[in-house]
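There are 2 protein chains.
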Amino acid sequence: MTTTTLAHPAPPEGPGVPPSLQRAAALVAPAIDRAVGRLSPELRAPVEHHLAGGGKRVRAALVLLSAAAAGADESVGVVGAVAVELVHNFSLLHDDIIDEDRERRHRPTAWAEFGVDRAIIAGDALATLAIQLLLEDPTPERVAATASLAAATQAMIAGQADDMAFEKRAEVSVAECLAMEAGKTGALLACAASLGAVLAGAPEPVAEALHDFGAHLGAAFQAIDDLLGIWGESAATGKPVGSDLLRGKKTLPVATALDRGGEAAAALRAVLDGPLDDAAVERATELLVDTGVLAELRSLADTELGLALAALARADLAPPAAAELRELAAFVASRDR
Amino acid sequence: MTTTTLAHPAPPEGPGVPPSLQRAAALVAPAIDRAVGRLSPELRAPVEHHLAGGGKRVRAALVLLSAAAAGADESVGVVGAVAVELVHNFSLLHDDIIDEDRERRHRPTAWAEFGVDRAIIAGDALATLAIQLLLEDPTPERVAATASLAAATQAMIAGQADDMAFEKRAEVSVAECLAMEAGKTGALLACAASLGAVLAGAPEPVAEALHDFGAHLGAAFQAIDDLLGIWGESAATGKPVGSDLLRGKKTLPVATALDRGGEAAAALRAVLDGPLDDAAVERATELLVDTGVLAELRSLADTELGLALAALARADLAPPAAAELRELAAFVASRDR
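Sequence order for the protein chains is A and B. Going by this note's numbering, the first residue of the first sequence is number 1150, and it counts up by one from there. Going by this note's numbering, the first residue of the second sequence is number 1150, and it counts up by one from there.
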């Protein structure tokens, strides 16, 4: 029996939504509730507000399928799925403060509702809770999973630090941008994709192949996400189109366009050097189209998705779970997810 | 050979400073440097700025003496000492944001120097680094130490959440205040005092006695710290006298005074209900003296110190380390540390 709680809206449905996401939502929701229920009341309020916004549970689904792909029952991955979701939501709580985002998924962000201070420590509590959960039963597999999650968390934080630093720089190379995104987005997805296998005690090559799969999937995801951050749709992302540009974020489309050189790139540089108002964002968006970066990033996403699937094919995985991982990857890397 | 780096000013010296603090500073400084050196450059800058402010390394010394008390070499405790100091400094980085403290130990706080955003993720990075360090070599002892540190971190965050909530309340009971301080201050000190023994693989009763010692020491420390927060000296604490009152903090002196009832308590309540300006703080400070809370808290600190020493006496510890723990406890609970 699955119960829908206040903190967890119904999982996404509709054509194209992989069943693995719905299963993940149903499996982790009660476990997340139990975990969050252990926090002190003062911490629970902002945490529950934040979690009530939902989320697609992509990372949870990756952990569960990773366990199944390694031949274990999906239930073996649940603790890892919960831990990864807690770390993901810790990062969202702090990122929303840093990005000054007042809305997430059409609801006030935790800091907008409870103040910056409570949102800071709510995030701190979730990151710590993830470690506590995994180490509650310190089997060698769980300990390895904890170390993997801590490393991914550190890489994610470093990526966030670079992202912030890039906003203040006039130019960022494509390589720097890709490295930043590999940390900020890729590290936790790679960790999630291998964590189920780690918890299942899978051989190192299996966990490594799944880790590579997740890293490439992260790159594909981020390329699409960067496009959505400039060209919409706002309905899907919940953030106003152009907000990345308005903030001076050096996302991959910008870095790629500037890197190309030529007339459009020079014009774009001039616009981005000036005051970033709505008119500048509109002009920059047009110039980005002129540079052909839209097609290039779609192509990059396709390439990374291909590399992800190739990594998957490398390992000896349970066929049904591997099929579901491929389906989930296609969904994550699609433009209208 | 010990080297003094930019990030670590010379350890405290002078009459009354226990040698264990100086040994701890010398032992952990290079290990902290190495650990922080693994962070990305963008994170390192605010972290190194913060750490350059120094600190007495009380928690590090507790971990090292805890290992020695359990019969191991102090070196067994170094990784734990570093991890506890990292968690402590994570909390300071975030607390300074929350308390809007622009100065710590007569230098700009990290958020005042680098902005709130970078201070947030600098703290996040330190908390994560602590876990990574301990799990680098996942022996059963280190895994147990990691779980203990995560639990203490969570308790500390919960205490911080309560402290913030209390500021918005008109009244807080003494019991609530003590529970808050047991989390905010006591949990990490208790963890530190037992962590060396945990890392040394000491029997459970030894670790437990040391944990109790640290918890009582935390209560003694906090009682004194609360007094210093109202009556100074500013030179020792680096924060302006009266800042706790000005902020509406429901520290133990305030909770105790209000709990006593009577004329002075009623007058104090009236002052604290009004606008908190410098005159109100001066008047509240006088009224606190009238309630006799100064003597009461000094007495409480003495009692808690006694309980700490009793817990220590309960366990079978190596005599030289036990003697140094007693010396350190007396120093921590002294008014002019």
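Just so it is clear, CB atoms sit at the ideal spot from N, CA and C, and this is done for glycine as well.
{"Item": "Own chain, CB closer than 7 Å to A1490(A), minus 5 neighbours either side, in chain order", "Value": "Outside the displayed range of chain A (1150 to 1486) lies residue 1490(A), so it cannot be described from this structure."}
{"Item": "CB-CB length for A1296(B) against L1284(A), believed under 8 Å", "Value": "4 Å"}
{"Item": "Cutoff 7 Å: V1292(A) Cβ touching any chain B Cβ", "Value": "yes"}
{"Item": "Cutoff 7 Å; reference A1307(A); Cβ partners in own chain excluding five residues on either side", "Value": "G1332"}
{"Item": "Cutoff 7 Å: I1306(A) Cβ touching any chain B Cβ", "Value": "yes"}
{"Item": "7 Å Cβ cutoff, T1334(B) in contact with chain A", "Value": "no"}
{"Item": "DSSP three-state assignment for E1252(B), whether helix, strand or coil", "Value": "strand"}
{"Item": "Nearest candidate by alpha-carbon position, reference L1216(B), set A1194(B), I1269(B), L1417(B), A1349(B)", "Value": "Here the sequence assigns Ala to residue 1216(B), which means Leu is not the residue at that position. If we check each option's Cα against that of A1216(B), A1349(B) comes out closest."}
{"Item": "For P1468(B), the three-state DSSP class (helix, strand or coil)", "Value": "helix"}
{"Item": "Pairwise C-alpha distance: R1256(A) and P1167(A)", "Value": "25 Å"}
{"Item": "Alpha carbon of T1151(B) to alpha carbon of A1232(B), nearest angstrom", "Value": "Only weak support is given to the placement of T1151(B): the predicted model assigns it a pLDDT of 36, under 50, and the question is left unresolved by the model."}
{"Item": "Best match in S1392(A), G1441(A), D1273(A) for proximity to V1185(A) [C-alpha to C-alpha]", "Value": "D1273(A)"}
{"Item": "Residue of H1237(B), V1347(B), H1199(B) minimising C-alpha distance to R1253(B)", "Value": "H1199(B)"}
{"Item": "Per-residue contacts from T1302(A) into chain B (C-beta, under 7 Å)", "Value": "T1277"}
{"Item": "Min CB distance R1195(A) to chain B below 7 Å", "Value": "The amino acid at residue 1195(A) is misidentified as Arg; the sequence shows Pro. No, its Cβ sits nowhere closer than 7 Å to a Cβ of chain B."}
{"Item": "Where P1190(B) sits in the DSSP three-state scheme", "Value": "helix"}
{"Item": "Residues that P1257(B) bridges to, as DSSP identifies them", "Value": "E1252(B)"}
{"Item": "Residue range of the unbroken alpha helix (DSSP H) whose run includes T1434(A)", "Value": "1427-1439"}
{"Item": "D1286(B), DSSP secondary structure in three states", "Value": "coil"}
{"Item": "Cut-off 7 Å between Cβ atoms - residues of its own chain near A1180(B), not counting five sequence neighbours on either side", "Value": "V1227, V1231"}
{"Item": "Minimum Cβ-Cβ distance from D1266(B) to chain A less than 7 Å", "Value": "yes"}
{"Item": "Three-state class that DSSP yields for P1424(B) in the structure shown", "Value": "coil"}
{"Item": "Sub-7 Å separation of L1170(B) and A1210(B) beta-carbons", "Value": "yes"}
{"Item": "C-beta neighbour in chain A for R1237(B), strict 7 Å", "Value": "Note that residue 1237(B) corresponds to His in the displayed sequence, not to Arg. Closer than 7 Å: no."}
{"Item": "Buried/exposed call for E1453(A), threshold 16 Cβ in 10 Å", "Value": "buried"}
{"Item": "Proximal residues, the region 1208-1239 of chain A versus chain B, C-beta separation under 7 Å", "Value": "none"}
{"Item": "Neighbour flag for I1247(A) against chain B, beta carbons, 7 Å", "Value": "yes"}
{"Item": "Through-space distance from C1340(A) to W1380(A), alpha-carbon basis", "Value": "29 Å"}
{"Item": "C-alpha distance - E1325(A) paired with I1246(A), whole-angstrom precision", "Value": "24 Å"}
{"Item": "Any C-beta of chain B under 7 Å from that of H1243(A)", "Value": "yes"}
{"Item": "E1435(A) classed as buried or exposed, judged by whether at least 16 other C-beta atoms fall within 10 angstroms", "Value": "exposed"}
{"Item": "7 Å Cβ cutoff, D1250(A) in contact with chain B", "Value": "no"}
{"Item": "Sub-7 Å separation of V1438(B) and T1405(B) beta-carbons", "Value": "no"}
{"Item": "Outcome for S1487(B) when other beta-carbon atoms lying within 10 angstroms are tallied against a minimum of 16", "Value": "An answer regarding residue 1487(B) cannot be provided, because it is not within the stretch 1150 to 1486 covered by chain B."}
{"Item": "Exposure of D1427(A), with buried meaning 16 or more beta-carbon neighbours within 10 Å", "Value": "exposed"}
{"Item": "Reduced DSSP category for V1321(A) - H, G, I as helix; E, B as strand; rest coil", "Value": "coil"}
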